[in-house]
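Have a look at the structure below before the remarks.
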Amino acid sequence: MKLLARVLCIVAGALALSFLVAVCVLIPAGQWYEVNRARSFDDLSDLYALSLAVQAIAAAIGGWLGDRLFRKWRKRQSDRV
Numbered sequence: 371m372k373l374l375a376r377v378l379c380i381v382a383g384a385l386a387l388s389f390l391v392a393v394c395v396l397i398p399a400g401q402w403y404e405v406n407r408a409r410s411f412d413d414l415s416d417l418y419a420l421s422l423a424v425q426a427i428a429a430a431i432g433g434w435l436g437d438r439l440f441r442k443w444r445k446r447q448s449d450r451v
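See the structure below:
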């Protein structure tokens with residue numbers, strides 16, 4: 371049961387942080403870049419690849435944060451008993 375809860379915390383953290391990064395940073399920055407700076411489809415494809423890399427990094431950091439929160443939660447439970 372602990373393993374399932376830990377995996378769920380990691381997945382929830384990864385999804386939450388990657389969603390926040392996409393909505394708050396990547397979408398507005400991509401729209402601005404498309405309107406103001408992009409000159410060709412090559413520029414847009416480079417931006418797409420960069421945004422995928424940023425989203426993957428955000429997911430990894432979110433998973434790490436989810437794991438840390440799970441460990442703190444488990445430690446608090448064991449301290450109470």
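Counting from 371, one number per residue, gives the positions in the sequence shown under the working numbering. We put the beta carbon where it would ideally sit given N, CA and C, even for glycine. Since this is a predicted model, take the numbers as computed values, not measurements.
Segment limits, alpha helix (DSSP H) that includes residue i
i: residue 382; result: 372-391
i: residue 444; result: 411-450
i: residue 395; result: Looking at the DSSP string, residue 395 is not in any alpha helix (DSSP H), and its letter there is neither H nor E.
Nearest-angstrom Cα separation, counted from residue j out to residue i
i: residue 412; j: residue 389; result: 25 angstroms
i: residue 403; j: residue 421; result: 12 angstroms
i: residue 382; j: residue 429; result: 10 angstroms
Nearest-angstrom Cβ-Cβ length linking residue i and residue j, presumed shorter than 8 angstroms
i: residue 392; j: residue 432; result: Residue 392 to residue 432, Cβ: 11 angstroms. No contact.
i: residue 417; j: residue 400; result: 6 angstroms
Residue i: CB within 7 angstroms of a non-hydrogen atom of the ligand GDP
i: residue 404; result: Among the components of this structure there are no ligands whatsoever, and the ligand GDP is therefore not found.
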